[in-house]
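In the UniProt record's numbering, the protein residues as written are 1 to 757. Think of the CB as a built atom: it goes at the ideal place given N, C-alpha and C, for glycine as much as any other residue. I have placed the structure first, in the form of structure tokens, so that the comments after it can refer back to it.
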Amino acid sequence: MDNGFTLNLTDSSKPTQNVPKAKPISQQEYVKDKLPLVSFASKPRQTVKSDGVKKPAFLVVRKKASLLQKKTLSEVKNFSSTNPQSISKAADQQSSHKTEPQKTTPDDAGKFGAESNFKAVKPKKATKKSSSNRKSNWAVSDQSKSSTAGYNNTGIISSLFFKNPEIPEVTKDHVEATEENVFSSQSFSALKIHKYLITTLEKDLNLKQMTEAQSRTIPILLDKKDALVKSQTGSGKTLAYAIPIVESITPKIDRTSGVFALVIVPTRELVLQTYTWFTKILKAFTWVVPGYLIGGEKKKSEKARIRKGMNILISTPGRLLDHLSSTRNLNLGRLHWLVMDEADRLLDMGYEKDVARILSIVQEHFVKEGCIGRRQNVMVSATLSKGVEKLAGLTLTDPEYIKLSEDDSENQDQLVTPTNLKQWYIIVPPKLRLATLAAFILWKCTISTEKKVLIFMTTQDSVDYHAELFNRVLAKREDRTSISFYKLHGSMPQKDRTAIFKEFRDTDSGVLLCTDVAARGLDLSAIDWIVQYNPPVTAEEYVHRVGRTARVGKCGQAIIFLAPPETDFVHRLANRGISVVEKNPDAILKTLTNSWSKTTQTMEQAATSIQLCFEECVIESYNVYEMATKGYVSFVRSYAALPKDVRDVFNFQSLHLGHYAKSFALRDPPAQINTNGRMGQRNDRIQPFNTARQRNPALLKRAAAQALGSEGTQHQPNFYERQAMLSEYSSGLDPAPAKKMKVRPTSAAALEMRNPC
Ligand SMILES: Nc1ncnc2c1ncn2[C@@H]1O[C@H](COP(=O)(O)OP(=O)(O)OP(=O)(O)O)[C@@H](O)[C@H]1O
1 MDNGFTLNLT DSSKPTQNVP KAKPISQQEY VKDKLPLVSF ASKPRQTVKS DGVKKPAFLV
61 VRKKASLLQK KTLSEVKNFS STNPQSISKA ADQQSSHKTE PQKTTPDDAG KFGAESNFKA
121 VKPKKATKKS SSNRKSNWAV SDQSKSSTAG YNNTGIISSL FFKNPEIPEV TKDHVEATEE
181 NVFSSQSFSA LKIHKYLITT LEKDLNLKQM TEAQSRTIPI LLDKKDALVK SQTGSGKTLA
241 YAIPIVESIT PKIDRTSGVF ALVIVPTREL VLQTYTWFTK ILKAFTWVVP GYLIGGEKKK
301 SEKARIRKGM NILISTPGRL LDHLSSTRNL NLGRLHWLVM DEADRLLDMG YEKDVARILS
361 IVQEHFVKEG CIGRRQNVMV SATLSKGVEK LAGLTLTDPE YIKLSEDDSE NQDQLVTPTN
421 LKQWYIIVPP KLRLATLAAF ILWKCTISTE KKVLIFMTTQ DSVDYHAELF NRVLAKREDR
481 TSISFYKLHG SMPQKDRTAI FKEFRDTDSG VLLCTDVAAR GLDLSAIDWI VQYNPPVTAE
541 EYVHRVGRTA RVGKCGQAII FLAPPETDFV HRLANRGISV VEKNPDAILK TLTNSWSKTT
601 QTMEQAATSI QLCFEECVIE SYNVYEMATK GYVSFVRSYA ALPKDVRDVF NFQSLHLGHY
661 AKSFALRDPP AQINTNGRMG QRNDRIQPFN TARQRNPALL KRAAAQALGS EGTQHQPNFY
721 ERQAMLSEYS SGLDPAPAKK MKVRPTSAAA LEMRNPC
């Protein structure tokens with residue numbers, strides 16, 4: 001039997017076609033990685049038929065040099081996966097000293113991981129599914145068992161298709177989805193605004209009709225009223241407040257007149273995007289100066305811009321507060337407009353203090369200037385709820401609550417997603433997550449025409465790792481089109497962030513891996529698919545993430561990966577008026593037989609082949625291995641730190657750590673995975689995420705609290721605090737405390753939690 005990974009040494013000196021081609025380890029890489037990987041052949045364990053003659057076949061075994069007994073380093077250096085001589089030499093040597101079988105596989109992980117719900121799960125005999133759509137092959141048939149058994153028998157890697165948890169049947173909820181029209185029947189010329197502004201909108205920006213959000217909001221704001229605007233993602237809310245601001249600026253204003261309008265938004269990319277909108281619609285109003293403040297830029301150049309003066313200022317709260325306390329020229333005493341875009345995000349615990357402080361400073365400036373004019377306040381978000389303004393003590397004067405959907409007051413909590421958005425969920429056993437994601441990417445980017453994909457992950461380390469892994473394994477293969485992978489998260493240098501944001505916005509195809517830094521407000525054109533590889537914890541965040549596609553009446557699709565214990569999230573969404581349809585993961589994995597390897601016949605073989613390539617990639621380079629462990633540890637820690645309110649759905653106790661390790665292409669048992677590399681090999685710096693902690697929830701809780709910068713026994717961060725700390729939205733510009741902090745982070749994940757952007 002040829003399982004696709006056998007090497008017939010007697011038949012040919014070349015590896016068979018199906019042996020995954022691993023990059024030979026260069027001397028340089030060897031020195032860098034310290035722990036080289038060697039390949040050698042095992043004792044013949046089976047035979048393959050060639051020209052009707054039975055010949056012994058050898059399995060290629062790849063091990064870290066350090067695991068081989070009696071091998072000197074110089075011997076080890078001579079081995080490489082593509083060097084058949086070294087393989088046969090190794091095979092000879094191996095007969096004299098046996099290789100250590102890998103002691104543990106992630107399948108054993110119940111022993112190492114948290115107490116798992118899956119511990120007692122036996123290999124599944126048959127799925128419970130009744131509908132054909134839900135038929136799944138996780139419980140492998142005898143035939144497929146035999147096709148993948150080779151891996152199991154070698155003890156090299158565990159099978160993807162054994163010991164997976166049962167996929168629960170998800171009862172279908174009746175969802176009354178609320179719909180909102182995107183476009184109104186009115187054009188901009190119906191508004192009482194300056195004719196130059198109308199010309200810019202209709203001729204230069206080619207906007208024929210107003211959206212519903214614009215036609216309802218603009219007249220109210222032109223009437224000088226305060227407003228709370230809630231309308232679906234991608235409904236043109238930016239212009240809904242930008243047009244009245246520009247219209248209300250009189251010709252008397254120049255750059256020395258001070259800040260006329262202040263717009264606060266949660267992320268730097270959103271600042272740049274909003275700034276671009278203002279520059280576009282100010283085309284005919286050359287005397288009005290827009291400007292922005294973001295973190296990651298030289299403060300000195302920002303100070304110079306402030307000194308020169310600007311009339312419309314767009315900023316993240318962190319940077320604004322920083323300048324308000326350190327830049328004397330920044331005077332907000334003549335402010336006529338205060339806009340908070342993504343206001344619900346700005347006013348939750350992550351930002352509330354910053355925003356409240358900004359408001360009190362604005363008030364001080366008002367008193368100093370002796371200003372008597374009334375300031376107009378506008379709050380905008382797709383998930384805004386009434387009363388949110390009270391959170392920061394912001395006093396709105398008789399605000400209009402502009403809500404586009406016509407639901408009754410009982411349904412205040414209902415969320416709205418675009419009508420043209422198709423929403424799916426997929427229940428994937430943890431072991432198959434990576435292969436399924438890879439299959440999805442290959443399917444969309446090489447076979448289908450929907451080639452622009454945005455993938456959300458929880459942590460920055462996870463994004464870094466997957467971007468590196470996919471770049472090495474999926475990006476380029478001779479026999480298919482190359483795929484461009486991009487990444488975006490809060491710890492990247494601002495220059496890179498801006499460049500990638502612009503590049504991905506303007507490209508027709510590619511995959512952007514990102515954290516929630518890209519979840520809100522970003523207008524990336526024509527994204528075909530949103531993939532939530534890690535689910536968000538709230539329905540609101542779900543709405544914002546999927547809202548990056550299907551904007552202004554366009555079509556789009558979104559899919560969310562759920563593990564079997566997380567399926568209740570579907571009901572949570574249904575309770576908020578969001579309907580998602582189940583997709584069969586087999587349908588995605590099957591595409592691998594076309595997109596990954598045309599020589600593999602079954603889905604199981606193809607999935608195992610791609611998983612093996614990922615695992616090889618991780619073993620080969622210590623850098624990738626380190627990234628994988630960091631990604632895994634940060635994922636586990638972020639899961640452990642999730643707030644109580646969501647633990648009925650996202651329960652750390654239900655995580656099968658071993659299976660999740662496999663989803664990071666790691667072969668080590670969870671107890672041996674830490675951000676410090678292999679246990680015992682580099683024992684400096686970081687404490688391992690040890691078994692005791694994993695097993696004991698109390699210890700874990702304390703560890704999570706400590707990682708978040710507080711003593712477990714003293715202050716336990718509440719829901720909002722944790723969410724804020726785990727979130728990507730902070731501008732990262734709360735400079736004073738950040739600089740003072742001398743506590744050494746216990747891990748990259750902890751660092752990320754403390755200082756996310
Ligand atoms: N009247 C219009 N006609 C056509 N397109 C429009 C119109 N107004 C805005 N748009 C387009 O709609 C897109 C989304 O706009 P915008 O980013 O303001 O949406 P939003 O409602 O703020 O979304 P989110 O809630 O995700 O922040 C932009 O690409 C913009 O060009």
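Taking the straight line between their C-alpha atoms, what separation do you get for residue i and residue j?
i, j, result
"ARG328", "ARG375", "22 Å"
"PHE561", "MET340", "32 Å"
"ILE306", "TYR275", "15 Å"
"residue 771", "LEU434", "Absent from the model: residue 771. The displayed extent of the chain is 1 to 757, so no value can be given."
"GLU615", "LEU293", "43 Å"
"LEU37", "LYS431", "Any answer about LEU37 is weak, because its pLDDT of 46 lies below 50 and its placement is not dependable; what the coordinates show is given next. Distance between the alpha carbons of LEU37 and LYS431 is about 24 Å."
"PRO717", "PHE501", "Here the model assigns PRO717 a pLDDT of 46, short of 50, so the residue's position is not dependable, and the following value carries that caveat. If I take the Cα positions, the gap works out to 32 Å."
"LYS386", "ILE578", "20 Å"
"VAL428", "GLU626", "25 Å"
"PHE635", "PHE285", "49 Å"
"LEU404", "VAL570", "25 Å"
"PHE440", "VAL362", "49 Å"
"VAL288", "ARG334", "15 Å"
"ALA665", "VAL517", "25 Å"
"SER638", "LYS298", "31 Å"
"ILE670", "LEU347", "In the sequence on display, residue 670 carries Pro and not Ile. Roughly 38 Å separates the two Cα atoms."
Out of the options, state which residue places its alpha-carbon closest to the alpha-carbon of residue i.
i, options, result
"ALA467", "VAL378, VAL624, HIS659", "VAL624"
"TYR196", "LYS280, GLU166, PRO168", "LYS280"
"VAL531", "LEU524, ASP523, ALA558, GLY510", "ALA558"
"THR629", "ALA574, SER462, GLU616", "SER462"
"ARG667", "GLN653, GLU620, ARG647, SER654", "GLU620"
"ASP354", "LEU321, GLY296, HIS571, LEU335", "LEU321"
"PHE366", "VAL259, LEU512, LYS502, MET627", "VAL259"
"GLY291", "SER315, ASP645, PHE470", "SER315"
"GLN273", "GLY236, LEU160, LYS390", "GLY236"
"GLN460", "ILE441, HIS489, GLN611", "HIS489"
"SER491", "THR608, PHE470, ASP464", "ASP464"
Going by beta carbon distance, what residues of the same chain come within less than 7 Å of residue i, once the five residues before and after it are set aside?
i, result
"ALA240", "ALA213, GLN214, THR217, ILE218, VAL229"
"ILE193", "ILE243, GLU247"
"ALA606", "LEU592, THR593, TRP596, SER597, THR600"
"PRO536", "TYR542, ARG545"
"LYS476", "SER482"
Cβ atoms of residue j and residue i: under 9 Å apart, would you say?
i, j, result
"SER484", "THR458", "no"
"ASN311", "SER381", "no"
"ALA587", "VAL580", "no"
"LEU384", "ALA356", "no"
"VAL265", "VAL552", "no"
"VAL416", "ALA261", "no"
"TRP529", "GLU450", "yes"
"residue 759", "ILE455", "For residue 759 there is no data in the structure shown, the boundaries of the chain being 1 and 757."
"ARG268", "GLY296", "yes"
"ILE426", "ASN584", "yes"
Which residues in the same chain as residue i place their Cβ atom closer than 6 Å to its Cβ, once the five residues preceding and following it in sequence are excluded?
i, result
"ASN377", "ASP226, LEU338, LEU396"
"SER184", "MET210, GLU212, SER215"
"SER301", "none"
For the alpha helix (DSSP H) containing residue i, name the first residue and the last one.
i, result
"LYS303", "299-308"
"TYR241", "237-248"
"VAL485", "Rather than Val, the amino acid found at residue 485 in this sequence is Phe. Looking at the DSSP string, PHE485 is not in any alpha helix (DSSP H); the run it does join, the beta strand (DSSP E), is 485-488."
"TYR196", "195-199"
"LYS662", "657-663"
"PHE456", "First-last for PHE456: 452-456, but that is the beta strand (DSSP E), not the alpha helix (DSSP H)."
"LYS368", "352-369"
"MET379", "From DSSP, MET379 is part of no alpha helix (DSSP H) but of the beta strand (DSSP E) over 376-381."
"PRO219", "212-222"
For the beta strand (DSSP E) that contains residue i, what are its first and last residues?
i, result
"GLU400", "400-403"
"ASN331", "Run containing ASN331: none; DSSP gives neither H nor E here."
"residue 781", "Outside the shown range of the chain (1 to 757) lies residue 781, about which nothing can therefore be said."
"LYS230", "227-230"
At a cut-off of 8 Å, would you count residue i as near ligand 3, judging by its Cβ distance to the nearest heavy atom?
i, result
"PHE183", "With respect to ligand 3, the structure shown offers nothing to examine, as its ligands consist of ligand 1."
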